[in-house]
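The structure under discussion appears below in the form of structure tokens.
Protein chains: 2
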Amino acid sequence: MATPRTSRVDPLTVEVVELIGTVVARYHEEYEREAGQHALTGSQARLLALLTLEPLPMRQIAVRLKCEPSNVTGIVDRLEARGLVERRPDPQDRRVKLAAVTDEGRRTARKLRDGLSFAREPLAELSHEERVVLRDLLARMLG
Amino acid sequence: MATPRTSRVDPLTVEVVELIGTVVARYHEEYEREAGQHALTGSQARLLALLTLEPLPMRQIAVRLKCEPSNVTGIVDRLEARGLVERRPDPQDRRVKLAAVTDEGRRTARKLRDGLSFAREPLAELSHEERVVLRDLLARMLG
DNA sequence: TATTGTTATACTCTATAACTATA
DNA sequence: TATAGTTATAGAGTATAACAATA
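Structural data, given as structure tokens:
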């Protein structure tokens, strides 16, 4: 007993896991850095990107961001103070407030997304066929 | 002009980028959740894992964690208060303090690592040959 | 009664600047 | 004087609990 875990997992799997960890770390660093370029925190940038797709009730935002609804109030407050997001009433239910990006917010979101070079450049190293293989492998990994 | 970005990037690349984003999100969620299982924050768990490899000066920790040295004081304080980490003097330089995991900290780090099922289970879906392909593709992506 | 969003509170992480003790 | 670690401070994210407005 007391066998070290690494001896129970084959070296190839360990190597792949570490590579995935590196991808995750690099992706996150770049996202935080790019958000910072626009004076946004990571949470603010994620919410802005989310609202680019469609306006959402505060409650739904909490679900998507996987945080408590009380936190959403502050994040939307700060984005709203900068004119990137606005609160709208929901005609269907007067309890609900919809958060929606403004034109300015949409421009900021687009600039931010275009700045994320990691998402594009490393893939440029791979041929079309290799991307197909990578896509299929990742899709199977994610179930 | 004003061409939407998505029309400048081929759909396959977009798909792969989104898959990577999903991997990143799932990896992070699991890490935070597993850290929480042991009443640790993500930063505390990352530092604990880092110190499992070797004791480090506070200054070096800041570099590895990519944060300011002043933040390290608090994170080490909290881990030390729980007996997972200890500060040791550096015989070479009396200004330096080395942070090192305790036996208890090592046990916690091991349990935490073993709880990270995402890193193993999805790969179980792939054959040995497929893992070789995935490893090579990721390695080329990361340069 | 139940739900939506908010407020109040407390803790952690974060960066900046100033401080101390060594070098 | 330069460096290592800390302290002080302030802003932001997080969870919990309690609250007002609406359903």
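Top to bottom, those sequences are chains A and B.
Convert by adding 66 to the 1-based position in the first sequence; the result is the number in the numbering used here.
Convert by adding 66 to the 1-based position in the second sequence; the result is the number in the numbering used here.
Every residue gets a Cβ at the ideal spot worked out from N, C-alpha and C, and that includes glycine.
Bear in mind that the values here come from a model prediction, so they are computed numbers and not experimental data.
- Closest in C-alpha terms to residue 204 (chain A), from the list B:113, B:84, B:127 and B:77, comes B:84.
- Looking at the DSSP output, residue 165 (chain A) sits in a beta bridge with A:122 and A:153.
- Near chain A, meaning a CB-to-CB distance below 8 Å, the residues of the segment 89-122 of chain B are 89, 90, 92, 93, 94 and 95.
- Residues of the same chain with a CB within less than 8 Å of the CB of residue 115 (chain B), apart from the 5 flanking positions on each side, are 175, 178 and 179 in chain order.
- Collapsing the DSSP output to three states places residue 111 (chain B) in a helix.
- Following the DSSP letters along the chain, one finds residue 189 (chain A) inside the alpha helix (DSSP H) bounded by residues 187-190.
- For residue 171 (chain B), no CB of chain A lies under 8 Å from its own CB, so it is not counted at the interface with that chain.
- For residue 103 (chain B), the uninterrupted alpha helix (DSSP H) run begins and ends at 77-103, by DSSP.
- Assignment of residue 134 (chain B) by DSSP, reduced to helix, strand and coil, places it in the coil class.
- Interface with chain A (8 Å Cβ-Cβ cutoff): residue 205 (chain B) is included.
- Comparing C-alpha distances from residue 159 (chain A) to each of A:135, A:146 and A:123 shows the shortest one belongs to A:123.
- Between the beta-carbon of residue 199 (chain B) and that of residue 199 (chain A) there is about 6 Å, and that keeps the pair under the 8 Å contact cut.
- Not flagged as an interface residue toward chain B: residue 145 (chain A), since no C-beta distance is shorter than 8 Å.
- Inter-residue distance for residue 80 (chain B) and residue 135 (chain A) is about 31 Å (C-alpha atoms, whole angstroms).
- The segment 136-145 of chain B and the segment 102-119 of chain B touch, with three or more beta-carbon pairs separated by less than 8 Å.
- Of all residues in the segment 128-141 of chain A, the ones placed with a Cβ closer than 9 Å to any Cβ belonging to chain B are 132, in chain order.
- If you draw a 10 Å sphere on the C-beta of residue 129 (chain A), you find fewer than 16 other C-beta atoms in it, and that means exposed.
- At a cut-off of 8 Å between beta carbons, residue 195 (chain A) makes no contact with chain B.
- Per DSSP, reduced to three states, the secondary structure at residue 182 (chain A) is coil, with no helix or strand assignment.
- Using beta-carbon distances, residue 181 (chain B) does not count as an interface residue toward chain A, since no partner is under 8 Å.
- Contact check between the segment 88-99 of chain A and the segment 85-95 of chain B: three or more CB pairs, one atom from each, fall below 8 Å, which counts as touching.
- Straight through space, the alpha carbons of residue 112 (chain B) and residue 120 (chain B) are spaced by roughly 13 Å.
- The DSSP-derived three-state label of residue 143 (chain B) is helix.
- Spanning the alpha carbons of residue 165 (chain B) and residue 132 (chain B) requires a straight line of approximately 17 Å.
- Look at residue 160 (chain A) here: in three-state DSSP terms it is coil, with no helix or strand label.
- Scanning chain A for C-beta atoms nearer than 7 Å to the C-beta of residue 200 (chain B) yields 82 and 203, reported in chain order.
- Taking the C-beta atoms as reference points, residue 188 (chain A) is found no nearer than 8 Å to residue 171 (chain B).
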